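Numbering (the UniProt record's numbering), first residue to last: 1 to 456.
Here a beta-carbon is modelled for each residue, glycine too, at the ideal position from N, C-alpha and C.
Small disclaimer: the values here were computed from a predicted structure and weren't measured.
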């Protein structure tokens, strides 16, 4: 394993970057992706927003207060992120055929041609990889490289944003020693607190323990494994992941959720994220599970099984909403997760979506933000909606109210577009497929199998 090089490829501020890519007016501006309501949660923040202190899992009202009037807040568009992720990873696979994908926007690779390579050769390879991704997709990635997954992942974090960090063997011990123990893969808040109580604040301090001491502190199975990682010993192979039995997403909140309204608002981006992963997987789901971890660290899970496997977002997220519990009754919630299982290649779209939405409304939970009842005087459009105009083409709603809406007509390929104000009931405007904002018709056709056919 002496000549081994593992790469960790990680897209920079992926959700917000995709929004800036497809809506060129937003490039260089502080973008927050997440719930639009006062109790929403940030799913992603651009680097322009992060300089103000905004970050993922933060309450949206707090992020907006930090960023100020310049903040642009948009609802998540999971389907767009899924397509962008597919194109990014297809581009990476052209150079690194075997990828261990961790999420939408990150993966490990271990290129065979880099075995025994110098640090300089590895850096040049990483730069070429980043250049190809940028040229093919317009998106920016950071890449870390080291002798194993642990070092590579830490290195990519140090490389952000828009950088490369290659950690040579002789540098690994020094690099690890000074990092907070929480940076070690596998150390969560509970383990971190346990270590802190013993005065173990850095990875180097953990590495200085004996195997037996690590086992006493962190458990007989996990302790020795984490101790090896702390010492820079990581021989875990990079391999394509087996087909998942469950696809999920979850978020831990900086401030506990204490009302049902907060929980409902927080679930929107989490459900979108899980659904987008499901879309990338290509299978439908029959069982929906909601996970709620309370402030006392106890966990509640609730599941519902549909009569058929489906990829329909409304059906799945509606089922998830029905499973939510009120924090007033069970206690404050610090983590919320949504999982889809019972995965099947045989899918059936919802036969009665209107009925399902009616049932959901009867439960007192709107099925989706756009399906919530609105007063007659309110606009049927919300900020961030994708629209298409009969002559001006694809655009998105920048604002709406008082009977009018402002639409910015632009896509990835147009450059910053012109804004027009139109009546909210304009017959020339209709809802559009959000994926069209990427303006990758050939790629989308290949991905969906809807390429051109010979009709002769």
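Given residue i as reference, the closest of the options once Cα atoms are compared
i: residue 133; options: 94, 120, 157, 99; result: 94
i: residue 436; options: 47, 80, 40; result: 80
i: residue 98; options: 439, 237, 50; result: 237
i: residue 40; options: 275, 260, 310, 168; result: 260
i: residue 127; options: 165, 304, 14; result: 165
i: residue 389; options: 412, 380, 426; result: 426
i: residue 333; options: 318, 149, 300; result: 300
i: residue 7; options: 154, 15, 419; result: 154
i: residue 323; options: 264, 84, 309; result: 264
i: residue 110; options: 151, 85, 84, 131; result: 151
i: residue 189; options: 297, 122, 90, 86; result: 297
i: residue 101; options: 328, 241, 91; result: 241
i: residue 267; options: 309, 321, 307; result: 321
i: residue 431; options: 386, 419, 406; result: 386
Residues that DSSP places opposite residue i in a beta bridge
i: residue 153; result: None, per the DSSP bridge assignment.
i: residue 397; result: 407
i: residue 99; result: 109
i: residue 10; result: 106, 142
i: residue 386; result: 396
i: residue 76; result: The partner list for residue 76 (beta bridge, DSSP) is empty, contrary to what the question assumes.
i: residue 418; result: 409
i: residue 340; result: 247, 288
i: residue 34; result: 42
i: residue 293; result: 299, 335
Between the CA atoms of residue j and residue i - distance to the nearest angstrom
i: residue 78; j: residue 26; result: 18 Å
i: residue 227; j: residue 214; result: 6 Å
i: residue 28; j: residue 139; result: 13 Å
i: residue 3; j: residue 147; result: 8 Å
i: residue 286; j: residue 104; result: 22 Å
i: residue 446; j: residue 289; result: 32 Å
i: residue 23; j: residue 135; result: 18 Å
i: residue 233; j: residue 161; result: 27 Å
i: residue 292; j: residue 302; result: 9 Å
i: residue 169; j: residue 5; result: 10 Å
i: residue 520; j: residue 149; result: No information on residue 520 is available, as it lies outside the stretch 1 to 456 that the chain covers here.
i: residue 353; j: residue 314; result: Residue placement at residue 353 is poorly supported in this model, since its pLDDT is 35, which falls under 50; the coordinates are not used for a value here.
i: residue 108; j: residue 433; result: 31 Å
i: residue 347; j: residue 124; result: Its pLDDT being 41, under 50, residue 347 is placed unreliably by the model, and the measurement read from it follows with that caveat. Spanning the two alpha carbons is a distance of roughly 44 Å.
i: residue 253; j: residue 270; result: 12 Å
i: residue 64; j: residue 203; result: 34 Å
i: residue 309; j: residue 239; result: 28 Å
i: residue 399; j: residue 380; result: 11 Å
Expected contact under 8 Å - CB spacing of residue i and residue j to nearest Å
i: residue 404; j: residue 423; result: 6 Å
i: residue 42; j: residue 53; result: That belief does not hold up - the Cβ atoms of residue 42 and residue 53 are roughly 11 Å apart, past 8 Å.
i: residue 141; j: residue 12; result: 6 Å
i: residue 76; j: residue 272; result: 4 Å
i: residue 74; j: residue 383; result: 7 Å
i: residue 339; j: residue 274; result: 7 Å
i: residue 284; j: residue 344; result: 6 Å
Buried versus exposed, by CB contacts within 10 Å (16 or more), residue i
i: residue 118; result: exposed
i: residue 374; result: With a pLDDT of 37 at residue 374, under the threshold of 50, the modelled position of that residue is not reliable, and no figure is offered here.
i: residue 185; result: exposed
i: residue 180; result: exposed
i: residue 230; result: buried
i: residue 87; result: buried
i: residue 172; result: buried
i: residue 30; result: buried
Residue i beta carbon near the ligand GTP (any heavy atom closer than 7 Å)
i: residue 264; result: This structure lacks the ligand GTP; in fact it carries no ligand of any kind.
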